[in-house]
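Number of protein chains: 2
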Amino acid sequence: MTSDTPRRLLGHSIAATLEERILLGEIAAGSKLDETSLARDFDVSRTPVREALQIVVSRGLAVRMPYKGVVVSDITRDRIDDLFEAMGEIEALCGRFSAQRMSMEERAVLLGLHETMSDLALQGGAEAYEAANTRFHQAIYAGSHNSDFVEMAEAMRLKLSPFRRSQLADRARIEHSNAEHAQIVEAIIERDGQAAEKALRRHLLSAAQTMLEKWTQTRPEVSSTRSRAS
Amino acid sequence: MTSDTPRRLLGHSIAATLEERILLGEIAAGSKLDETSLARDFDVSRTPVREALQIVVSRGLAVRMPYKGVVVSDITRDRIDDLFEAMGEIEALCGRFSAQRMSMEERAVLLGLHETMSDLALQGGAEAYEAANTRFHQAIYAGSHNSDFVEMAEAMRLKLSPFRRSQLADRARIEHSNAEHAQIVEAIIERDGQAAEKALRRHLLSAAQTMLEKWTQTRPEVSSTRSRAS
DNA sequence: CTCTCGTTACTTGCATACAATATTAAACGA
DNA sequence: TCGTTTAATATTGTATGCAAGTAACGAGAG
């Protein structure tokens, strides 16, 4: 195992740095992401750059204009709202089905994960909690017993990941999150689909709130309101 | 996402024929899709073949086993059930939000689309109805006013497309579908999110039924049942 | 006969070169 | 001056070659 070799694919790491720069505002909205220029900057060929651009586009951070190149899209407040709303609805969906379909073993595993996280909330580090948090939510996806739900949820999670990356949770947030998890676990174990749905929506809503707080600190210009009702 | 490619990309057409062969059972489940062999068969280079395999995998018709190649996955009854269930839930989701958020103009457009389809159901061809049907459902996606919902719905629609392809609807099915559309439109116009949700779930359920009927005619071996409850 | 180690073959990511197509610009004529 | 046609440029798709890493296979040792 030569650690020298890139465990992470070249295209992926390029995509990651591009995402970070876009989110930090270093790469302005509307900028053209030229394949050849990026290839020169990163000192690689066009092939991994193409893959990276595919990823960035799939995350919604840029769009391909046919024969005009890839341009980074504007990160608006509305965009972030959409993201969290969609994640919330998908998680709610998975939670509802999980409440109905999880086996006893799966419920036990979920409860075990939650108990582990309760310990981590008190004494563990933020990164350990975050890792466990991912497993917790993935258990709920899997509990829906529908591979397409799992896929959609994972896709949304990936879309949110660049935003989550900068969000270093403090202890207060972790404890709050853990309390919400308790409600989710109880609803699922009690087979109460409606309650699980509501609890997960609420959970994602509060996650969005804290995320937006941190976000507006670094990029105050991102703020707007739209009226969604007709 | 290639928004509008007039010329069909090589990789896409290769993917389409591969999908068709897989769905017809000409390519058995478990077969290895070798890049170089396919490149030779289609008389192209490995590059478009790679893109084609990416597409086939993204549709769920095959999976990549690391360092073992791409193998076509088994099309089970459970897989199809998952697909339609997920599509139904996503459409229900979009319908619920559309009922709440659509502008008056959007509601009018939806109604207009439905009226056009009612005419087509009586006198138009099946392919014309199918095209209008796609626009109808896309209008509901867009009415949710959330770009991520739209993306997920479109992704699911793409996943279902290889199955839909072989399904040539007869007049009875079209009329039934149109009646269901009437309920959907009414619920959305009346701003009744719950009703829209239910109507769309029902609509997709009946679509799944007719699809499965046709499917079992061509591939009778595909049938199974699983118990989903715990 | 079984286990281990080394070799081979295959998958796969990356680089580079080439070709085709669309957009833009420019030149030209009316 | 305006419209049309043609040339330049950029984006994008494709072809091949190569290198690196992993899995499968087989030979030799115990």
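Protein chains in written order, with this note's numbering: chain A, -1 to 228; chain B, -1 to 228. By construction, the Cβ of each residue, glycine as well, lies at the ideal position given by its N, Cα and C atoms.
Please report the Cβ distance between residue i and residue j, rounded to the nearest whole angstrom; I am assuming they are in contact, meaning their Cβ atoms lie under 8 Å.
i: residue 92 of chain A; j: residue 138 of chain A; result: 5 Å
i: residue 84 of chain B; j: residue 80 of chain A; result: Not really, about 20 Å apart at Cβ, beyond 8 Å.
i: residue 201 of chain B; j: residue 187 of chain B; result: The Cβ separation is near 16 Å, so there is no contact.
i: residue 210 of chain B; j: residue 90 of chain B; result: That belief does not hold up - the Cβ atoms of residue 210 of chain B and residue 90 of chain B are roughly 20 Å apart, past 8 Å.
i: residue 57 of chain B; j: residue 156 of chain B; result: 7 Å
i: residue 180 of chain B; j: residue 112 of chain B; result: 7 Å
Kindly list the residues whose CB is nearer than 7 Å to the CB of residue i, restricted to its own chain and excluding five residues on each side of it in sequence; keep chain order.
i: residue 50 of chain A; result: 9, 12, 13 and 16
i: residue 150 of chain A; result: 88
i: residue 36 of chain B; result: 47
i: residue 140 of chain A; result: 148
i: residue 216 of chain A; result: none
i: residue 185 of chain A; result: 97, 193, 194 and 197
i: residue 173 of chain A; result: 119
i: residue 23 of chain B; result: 217
i: residue 158 of chain B; result: 81 and 85
i: residue 144 of chain A; result: 95
i: residue 224 of chain A; result: 76
i: residue 154 of chain A; result: 84, 85 and 88
Sorted by chain position, which residues of the same chain lie with C-beta nearer than 8 Å to residue i's C-beta, five sequence neighbours on each side aside?
i: residue 61 of chain A; result: 55, 68, 69 and 71
i: residue 98 of chain A; result: 189 and 191
i: residue 109 of chain B; result: 183 and 187
i: residue 131 of chain A; result: 115 and 175
i: residue 106 of chain B; result: none
i: residue 167 of chain A; result: 124, 127, 128, 175 and 208
i: residue 2 of chain A; result: Bear in mind that a pLDDT of 39 at residue 2 of chain A, under 50, signals an unreliable position, so the number given afterwards is only what the model happens to contain. If we look at residue 2 of chain A and ignore the five residues flanking it on each side, it has no Cβ neighbours.
i: residue 152 of chain A; result: 136 and 139
i: residue 63 of chain B; result: 69
With a threshold of 6 Å on Cβ separation, who are the neighbours of residue i within its own chain once the five nearest residues in sequence on each side are excluded?
i: residue 25 of chain A; result: 19 and 70
i: residue 142 of chain B; result: 92, 95 and 96
i: residue 100 of chain B; result: 141
i: residue 44 of chain A; result: 33 and 37
i: residue 104 of chain A; result: 141
i: residue 171 of chain A; result: 208
i: residue 40 of chain A; result: 12
i: residue 53 of chain B; result: 13
*Residues of the stretch 69 to 81 of chain B with a CB closer than 7 Å to any CB of chain A: list them in chain order, please.*
Considering only beta carbons, the part of the stretch 69 to 81 of chain B lying closer than 7 Å to chain A consists of 80 and 81, in chain order.
*Interface residues of the stretch 129 to 150 of chain A facing chain B [CB-CB below 7 Å]*: Residues of the stretch 129 to 150 of chain A with a C-beta atom less than 7 Å from some C-beta of chain B are 143, 144, 145, 146, 147 and 150, listed in chain order.
*Looking at chain A, which residues of the stretch 90 to 104 of chain B have a Cβ within less than 8 Å of any of its Cβ atoms?*
If you check each beta-carbon in the stretch 90 to 104 of chain B against every beta-carbon of chain A, the ones closer than 8 Å belong to 91, 98, 99, 100, 101, 102 and 104.
*If you pair each beta-carbon of the stretch 86 to 106 of chain B with each one of the stretch 194 to 214 of chain B, do three or more pairs fall below 8 Å?*
The stretch 86 to 106 of chain B is in contact with the stretch 194 to 214 of chain B.
*Are the stretch 28 to 36 of chain A and the stretch 67 to 75 of chain A touching by the rule of at least three beta carbon pairs closer than 8 Å?*
Touching, per the Cβ criterion.
*Per the contact definition of three or more C-beta pairs closer than 8 Å, is the stretch 153 to 164 of chain A in contact with the stretch 32 to 49 of chain A?*
Inter-segment contact for the stretch 32 to 49 of chain A and the stretch 153 to 164 of chain A is absent: fewer than three beta-carbon pairs are separated by less than 8 Å.
_Residues of the stretch 102 to 123 of chain B in Cβ contact with chain A at a cutoff of 8 Å, in chain order, please._
The stretch 102 to 123 of chain B vs chain A, Cβ under 8 Å: 102, 104 and 105.
*Can you give, in chain order, each stretch of the beta strand (DSSP E) that sits fully within the stretch 78 to 147 of chain A and has at least 3 residues?*
When DSSP assignments are scanned along the stretch 78 to 147 of chain A, no uninterrupted stretch of beta strand (DSSP E) that is 3 or more residues long falls wholly within it.
*Between the stretch 186 to 199 of chain A and chain B, which residues of the former have CB atoms less than 9 Å from a CB of the latter, in chain order?*
Of all residues in the stretch 186 to 199 of chain A, the ones placed with a Cβ closer than 9 Å to any Cβ belonging to chain B are 189, in chain order.
*Meets three-Cβ-pair contact criterion under 8 Å: the stretch 107 to 126 of chain A and the stretch 121 to 137 of chain B*: In this structure the stretch 107 to 126 of chain A does not touch the stretch 121 to 137 of chain B; the number of beta carbon pairs closer than 8 Å is below three.
*Runs of alpha helix (DSSP H) lying entirely within the stretch 3 to 27 of chain B, each at least 4 residues, in chain order*: Those alpha helix (DSSP H) runs which fall completely within the stretch 3 to 27 of chain B and span 4+ residues are 8 to 22.
_chain A contacts made by the stretch 15 to 41 of chain B, where a contact means CB separation under 9 Å_ = Listed in sequence order: no entries.
*Uninterrupted alpha helix (DSSP H) stretches inside the stretch 144 to 189 of chain A (no shorter than 4 residues)*: The stretch 144 to 189 of chain A contains these whole alpha helix (DSSP H) runs: 145 to 164 and 169 to 187.
*Residues of the stretch 45 to 66 of chain A whose Cβ lies closer than 8 Å to any Cβ of chain B, in chain order*: Listed in sequence order: 55, 58, 62 and 64.
*Check distances from the C-beta atoms of the stretch 156 to 185 of chain A to those of chain B and list, in chain order, the residues that come in under 7 Å.*
Correct list: empty, as no residue qualifies.
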